[in-house]
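Chemist:
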Amino acid sequence: MKSRKNILSKTIHLVWPNDVEYVTGLFTPLGVGYLASYLKKKGFDIIIHDMTFSKEIKAEKKRAIYGVSITTPIANLAMEVIKRIKKLNPENITIAGGPHATCVPEDLIKSRLVDYVVVGEGEDTLSELCSKLLGNESVKDVKGIYYKVGKGTHFTGPRQLIEDIDTIPFPLHELFPLEQYTKNRPIREIGIISSRGCPFNCEFCQPYLRNTFGMKIRYRSEKNVVDELEYVKKKHGAHIVVFNDDMVNPVYIKKVCDEIIRRGLKILWRCQARANLDKSLIRLMKRAGCIGIAFGVESGSQKVLDAVDKRLKVEDVAKVFRYCREIGIFTHAYLMVGNTSENMDDVRKTLELIRNIKPFSIGVSIATPYPGTHLFARLKKEGKLPEKIDWGIMHHMKNNTIYIKVSELSRDEVIEAKNMLMEEFMRGNKNSRFRYILSYMKDTDGMRNVFYFAIKNPGTVLSSLTTLIAISRTGSGFKYTNPKQSFYGKELEP
1 MKSRKNILSK TIHLVWPNDV EYVTGLFTPL GVGYLASYLK KKGFDIIIHD MTFSKEIKAE
61 KKRAIYGVSI TTPIANLAME VIKRIKKLNP ENITIAGGPH ATCVPEDLIK SRLVDYVVVG
121 EGEDTLSELC SKLLGNESVK DVKGIYYKVG KGTHFTGPRQ LIEDIDTIPF PLHELFPLEQ
181 YTKNRPIREI GIISSRGCPF NCEFCQPYLR NTFGMKIRYR SEKNVVDELE YVKKKHGAHI
241 VVFNDDMVNP VYIKKVCDEI IRRGLKILWR CQARANLDKS LIRLMKRAGC IGIAFGVESG
301 SQKVLDAVDK RLKVEDVAKV FRYCREIGIF THAYLMVGNT SENMDDVRKT LELIRNIKPF
361 SIGVSIATPY PGTHLFARLK KEGKLPEKID WGIMHHMKNN TIYIKVSELS RDEVIEAKNM
421 LMEEFMRGNK NSRFRYILSY MKDTDGMRNV FYFAIKNPGT VLSSLTTLIA ISRTGSGFKY
481 TNPKQSFYGK ELEP
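The opening residue of the sequence shown carries number 1 in the working numbering; numbering runs sequentially from there.
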């Protein structure tokens, strides 16, 4: 008979080891939310420990299973959290998952703090693994996990992706401190994900995305997606829904828009897309409630776009931004400096593109070789990466917190380039951003959306307008920047 000390709790603990210091935008972590809803559907009891605002971890009287989601910028923080979990009870079972765990599973197992690593898409794998552990059964046939065997590690082989992602329930936002995420913001934004997979090959994010979610894009049905839009509006009071897909497909988003319009659903939303949207589709998106689109522009130099295998033309970027201005859609441009082959002439071309496309807001990141990407593999092969990397300071949005030479630019030139882009944006777009706000309301669709929002949310209208004006002055755009973030750090040498 097992001693009471060794009895395993039937409650699964999911941990998001985040810190407000590490984020540029505050949203409930959808990956953890989808895992929680899927496990609950399978009959498990779930507790979520969201450490974005609180560092407390609930201690069980029994030993328990803790699943910890890890991204590279918070990898060090996550390992400290796992140490705490083991300190609560050395017999606790720790399972790591998420982007970083998928890319460096053996390193985590070798740390002796992590018992199992779930790689790739986690819902089915984590569910089966927890069932085996609670039943005290062998895990050797659970596909998609790493674990320790003797002095080495064992991988059970890849797991087949979930074909019908409609079977994944909506995220359990109510298990997160939702009020903490939205209390200082006049507009409550809640995210959804409508698809998984990416067919493109950008060197700064592939093949990680492909290895996790596949090359083929799997779409939720438009009915299922619009059901979730209705759900988060009614259940959680969402003012704006954010499509957190890496990009929306033109054919698919048209179906979603048609379904929104067919139901007469009044909701505002924004999304991310490639610069392959035509004018008629953007007009339809606005009619269906779209207020903003973020585009991965990266650079104004065709040479740089080709070097990172972006498969994008600069002229297409200019065209889609012009369409959005004409129709009255807020635009955000994701820019990246320090990319492969980039020099100051390329940076000047990006400056010129900003002047041309006039985005409502921008975000400028530094090319960062995250593990699992072509960029990381190439730099490692060329001997340009430090032998030991401190993952905790690898963050593409933290300006020069880390800089490993990727381009032809020096560290100082990369920082200068980033500052140049921000200064040009602020100088050149100061007046045009006010016109953006007005242009959204210039047609029937825009006026109808604003009027409906004002009628349904009278208390937030004034503060929302104040926020938009503040954004127009700062250029912070679709992300609420954390003022505590450090913008200065060391250059790591290989």
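All residues carry an ideal CB built from backbone N, CA and C; glycine is no exception.
Is the beta carbon of Phe414 less than 7 Å from the beta carbon of Thr340?
Modeler: According to the sequence as given, residue 414 is Val; it is not Phe. No, the pair does not count as a contact, with Cβ atoms beyond the cut-off.
Chemist: Helix, strand or coil for Pro494, going by three-state DSSP, please let me know.
Modeler: Residue placement at Pro494 cannot be trusted, given a pLDDT of 35 that sits under 50; what the coordinates show is reported in the next sentence. Pro494: coil per DSSP, three-state reduction.
Chemist: Would you kindly check if the distance between the Cβ of Lys62 and the Cβ of Ile7 is under 7 Å?
Modeler: yes
Chemist: Run through DSSP, which three-state label would Ile190 get?
Modeler: strand
Chemist: How is Gln302 classed by DSSP in three states: helix, strand or coil?
Modeler: helix
Chemist: With H, G and I counted as helix, E and B as strand and the rest as coil, what does DSSP make of Asn18?
Modeler: coil
Chemist: Just mark Asp390 as buried or exposed, buried being the case when its beta carbon has 16 or more other beta carbons within 10 Å.
Modeler: exposed
Chemist: Apart from the five residues just before and just after Gly477, which ones in its own chain have a Cβ nearer than 7 Å to its Cβ?
Modeler: With a pLDDT of 45 at Gly477, under the threshold of 50, the modelled position of this residue cannot be trusted; read the value that follows with caution. Excluding residues within five positions, the ones whose Cβ falls inside 7 Å are His332, Phe360, Ser361, Ile362, Gly363, Ile471.
Chemist: Going by DSSP in three states, Cys205 sits in which element: helix, strand or coil?
Modeler: coil
Chemist: What span of residues does the beta strand (DSSP E) with Ala367 cover, start to end?
Modeler: Premise fails: Ala367 is in no beta strand (DSSP E) and is neither H nor E.
Chemist: Restricting to runs no shorter than 3 residues, where is the beta strand (DSSP E) found entirely within the region 315-366?
Modeler: Restricted to the region 315-366, the beta strand (DSSP E) segments that are unbroken, complete and at least 3 residues in length are 330-337, 361-366, listed in chain order.
Chemist: Bridge partners for Lys148 per DSSP, in chain order?
Modeler: Thr153
Chemist: Three or more C-beta pairs closer than 8 Å, one from the region 198-212 and one from the region 314-321: is that the case here?
Modeler: no
Chemist: Can you determine whether any heavy atom of the ligand ZN sits closer than 6 Å to the C-beta of Phe155, and answer yes or no?
Modeler: This structure simply doesn't include the ligand ZN, nor any ligand for that matter.
Chemist: For the beta strand (DSSP E) that contains Gly264, what are its first and last residues?
Modeler: Segment: none, Gly264 is in no beta strand (DSSP E) and carries neither H nor E.
Chemist: Figure out for me which residue from Thr156, Lys286, Pro99 has the closest Cα to the Cα of Lys254.
Modeler: Nearest in C-alpha terms to Lys254, of all of Thr156, Lys286, Pro99, is Lys286.
Chemist: Is DSSP giving Lys62 helix, strand or coil here?
Modeler: coil
Chemist: Contact check, Thr350 vs Ser299 under 8 Å by CB: the rounded distance?
Modeler: 5 Å
Chemist: Give the C-beta separation of Phe330 and Ile291 to the nearest angstrom, bearing in mind that I take them to be a contact with Cβ-Cβ under 8 Å.
Modeler: 6 Å
Chemist: Between Ser194, Pro17, Pro105, Gly296, which lies nearest to Asn276 when the distance is taken from Cα to Cα?
Modeler: Gly296
Chemist: Under the three-state reduction of DSSP, which class applies to Val406: helix, strand or coil?
Modeler: Three-state result, Val406: coil.
Chemist: Taking the C-alpha atoms as reference points, what is the distance between Pro90 and Leu113?
Modeler: Our two residues, Pro90 and Leu113, have alpha carbons roughly 10 Å apart in a direct line.
Chemist: Taking three-plus beta-carbon pairs below 8 Å as touching, is the region 51-69 in contact with the region 93-100?
Modeler: yes
Chemist: Let's see if you can read the secondary structure: which residues bound the alpha helix (DSSP H) around Ala78?
Modeler: 75-88
Chemist: Give every residue of the same chain whose Cβ lies closer than 8 Å to the Cβ of Thr28, excluding the five residues on either side of it in the sequence, and list them in chain order.
Modeler: Within the same chain, Asp50, Pro171, His173, Phe176, Leu178, Tyr181, Ile190, Gly191 come within 8 Å of Thr28 by CB-CB distance, once the 5 residues on both sides are set aside.
Chemist: Using CA coordinates, which residue listed in Leu161, Leu335, Glu424 is at the minimum distance from Gly144?
Modeler: Leu161
Chemist: Between the Cα of Cys324 and the Cα atoms of Ala78, Ile357, Pro158, which residue gives the shortest distance?
Modeler: Ile357
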